[in-house]
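Working notes, beginning with the structure itself.
Number of protein chains: 2
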Amino acid sequence: MFARVVIVGVGLIGGSFALGLKAAGAVGTIVGLERSPEALARALELGLIDEACTSPEGALRGADLVLLAAPVAQTGAILQSLLPWLEAQTIVTDAGSTKSDVVAAARAVMKERIDQFVPGHPIAGRESNGPDAAIPDLYRGKKAVLTPLPENPAALVDRVAQAWRLCGAVIHRLSPQEHDRVFAAVSHLPHLLAYALVDDIANKPHADLLFQYAASGFRDFTRIAGSSPEMWRDISLANRDALLGELDAYLAQLTLVRTRLAASDGAGLEAIYANAQRARRAWTDAIEAFEKPSPDPESGK
Amino acid sequence: MFARVVIVGVGLIGGSFALGLKAAGAVGTIVGLERSPEALARALELGLIDEACTSPEGALRGADLVLLAAPVAQTGAILQSLLPWLEAQTIVTDAGSTKSDVVAAARAVMKERIDQFVPGHPIAGRESNGPDAAIPDLYRGKKAVLTPLPENPAALVDRVAQAWRLCGAVIHRLSPQEHDRVFAAVSHLPHLLAYALVDDIANKPHADLLFQYAASGFRDFTRIAGSSPEMWRDISLANRDALLGELDAYLAQLTLVRTRLAASDGAGLEAIYANAQRARRAWTDAIEAFEKPSPDPESGK
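In the order they appear, the protein sequences are chains V and U.
Take the first sequence: its letters are residues 1 to 301, numbered as in this note's numbering.
Take the second sequence: its letters are residues 302 to 602, numbered as in this note's numbering.
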């Protein structure tokens, strides 16, 4: 049970966290803290939050838990503004897509109070954004990755895990560096590749003709290129080193594919295609088994 | 109306063409011609075809139209086996994903009878294959691209267009070379990129960890890497030159993205991402407008 939870950024991610806790009957008061009065008014109207604040002073009084659900590049500035009013019992966590940069920003601002900051990343999203996109089931059956710091007391980490579990999420733990290497490969690089392909095609003189014949395979391949350019600029820069490593590995792989194609090496191409098909099938089979209701691996703790 | 239509290859593509013509009440007898007795028996059982043949002699007698719906690499061999029994009034068309190679194979075999061969490519598919995957609506509202040859009399091209239109398709015309350049960009290259990414990840020592955190964006991006490796090996080789051109343009684009990322050039990255998002949105808006029921641009002909 949480008596008072503060959500910084009442959009899809923060709003769905609020609704998930409310649906579980696990929260007294939810406070929305955000610069945009329009978003706050809409969040109140939709019942995502019970109180609206545009400054941290009143918002943080008596809070158990603060969730940062704003763009990762703002983490340092937001923590700076919260710090003077942050009480000793309050836990701060976040929902950012990158973790090493968030931890660095948090350490720089919070210094000896870094023990109060438990970094996290729920692996969930929708095509739409803003308070109206928030739903109580966004995190149900999804992973919430926590990347705890050596300074975090176990009780604080467990408390954050409990909040995500109340929203229906399954808790995973990685180090911030492991997290960033993993997501560079399976999320950040695919976004970069999809954006690059659509931009490449859009810049060709016969782009209209090309788009006219693009079909469902192209639509799925490029769906992630419909994501927010500002958000993905920030993620790319925040996770630059890991992303460069994955991009270089992929460029080497494409160069190999090019060599085989140029040599009309059918067996060599088929080996790559067949290995990919096999690996993807094993993965989707595993995902489908995982997405069936099953016990949370940490729920026995 | 078609009195006798021969389908070479009674899988998803050929079987759905048969069901579409039957649903339109536009065909007398459909003959399945194929090497696999199991596929033929299943196609008969499912009602895709009325007669089953494993050799062309009886199949072609009195045929109006023959559709080749087998792997493109087999086009020459299939035409060679049909030619001795091909009557003067019979039109042959195909459903292959590449056109320049199909035309070259057809010219080599058919020689002065090339006027009877009208190349085509319906832009439709499903995740599953074989006779059981065939459905009457597969082509409804989808594009059927014809790539007629200078030798084809207009009446023969119109007759093939009529067959696809009876299946619900909208007729487009390109030259074989235009067709191959267009599909290299919007279909063949994305397949190659998706296969390359999944293979790259699957070969990393920590592949299991990576796949564990891959989510819905990765699933959509790599869906086409679930396609048949043999089919895509053949398409890659058949359209090698155009595909190499698109791959080289994409490698140059990725090198530009890499340079901007390495320089932490946020504005430069955002320009690429934003242009891609804008272009993709314009395209999906146009596609959604197109997919609403609307008159066939050639139906007035």
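From the three backbone atoms N, C-alpha and C, an ideal C-beta is built for every residue, glycine too.
Contacts of residue 74/V in chain U (Cβ-Cβ under 7 Å): Here the premise fails: no neighbours, minimum Cβ distance about 14 Å.
For chain V, is any of its Cβ atoms less than 8 Å away from the one on residue 597/U? For residue 597/U, the predicted model reports a pLDDT of 48, less than 50, meaning its position is unreliable and no value from the coordinates is stated.
What are the residues in the segment 168 to 200 of chain V lying within 9 Å of chain U by C-beta distance? 172, 174, 178, 179, 181, 182, 183, 185, 186, 187, 189, 190, 191, 192, 193, 194, 195, 196, 197, 198, 199, 200
By Cβ distance below 7 Å, which residues in the same chain neighbour residue 537/U in space, the five residues on each side in sequence not counted? 489, 493, 544
State yes or no: is the beta carbon of residue 16/V nearer than 8 Å to at least one beta carbon in chain U? no
Taking 8 Å as the CB-CB limit, is residue 441/U close to chain V? no
Considering Cα atoms alone, identify which of 402/U, 388/U, 386/U is closest to residue 374/U. 402/U
Residue 298/V to residue 200/V span [Cα, whole Å]: Its pLDDT being 46, under 50, residue 298/V is placed unreliably in this model, and the value from its coordinates should be taken loosely. Approximately 45 Å between the Cα atoms of the pair.
Under the three-state DSSP convention, the category residue 122/V falls into: strand
On the DSSP bridge assignment, give the partners of residue 51/V in chain order. 31/V
Relative to the alpha-carbon of residue 365/U, which residue among 464/U, 429/U, 341/U has its alpha-carbon at the smallest distance? 464/U
In three-state terms, what does DSSP make of residue 172/V? strand
I'd like to check one pair, residue 410/U with residue 380/U: are the Cβ atoms closer than 8 Å? yes
Give me the chain C residues within the contact set of residue 226/V, using Cβ-Cβ distance strictly less than 7 Å, ordered along the chain. The displayed structure is made up of protein chains V and U, and chain C is not among them.
Exposed or buried, residue 395/U, counting other C-beta atoms within 10 Å across all chains shown (16 or more means buried)? buried
Grab the span of the beta strand (DSSP E) containing residue 135/V for me, first residue to last. Here residue 135/V belongs to no beta strand (DSSP E), and DSSP marks it neither H nor E.
Would a check of beta-carbon distances place residue 390/U closer than 8 Å to chain V? no
Under 8 Å between C-beta atoms of residue 39/V and residue 131/V: yes
Alpha carbon to alpha carbon, how far is residue 570/U from residue 562/U? Give it in angstroms, no decimals. 7 Å
Counting only beta-carbon atoms, is residue 516/U nearer than 8 Å to chain V? yes
What residues from the segment 244 to 269 of chain V come within 7 Å of chain U, judged by C-beta to C-beta, listed N to C? 244, 247, 249, 250, 251, 253, 254, 257, 258, 261, 262, 264, 266, 269
Proximal residues of chain V, C-beta to C-beta of residue 573/U below 8 Å: 195, 196, 199
Drop a sphere of 10 angstroms on the beta-carbon of residue 264/V, count the other beta-carbons inside from all chains shown, and report buried for 16 or more, exposed for fewer. exposed
By alpha-carbon positions, which one of 414/U, 354/U, 422/U, 435/U ends up nearest to residue 443/U? 422/U
Partner residues on chain V for residue 537/U, Cβ-Cβ distance less than 7 Å: 261, 269
Name, going along the chain, the residues of the segment 143 to 157 of chain V whose beta-carbon falls closer than 9 Å to a beta-carbon of chain U. 143, 145
Give the straight-line distance between the Cα atoms of residue 152/V and residue 169/V, rounded to the nearest whole angstrom. 21 Å
Is any heavy atom in the ligand SAM found nearer than 7 Å to the beta carbon of residue 390/U? Only the bare structure without any ligand can be found here, which leaves the ligand SAM out of the picture.
Any beta-carbon of chain U closer than 8 Å to the one on residue 54/V? no
Among the candidates 182/V, 226/V, 56/V, 125/V, whose CA atom is the shortest distance from the CA of residue 586/U? 226/V
Please confirm whether residue 220/V has its beta-carbon closer than 8 Å to some beta-carbon of chain U. yes
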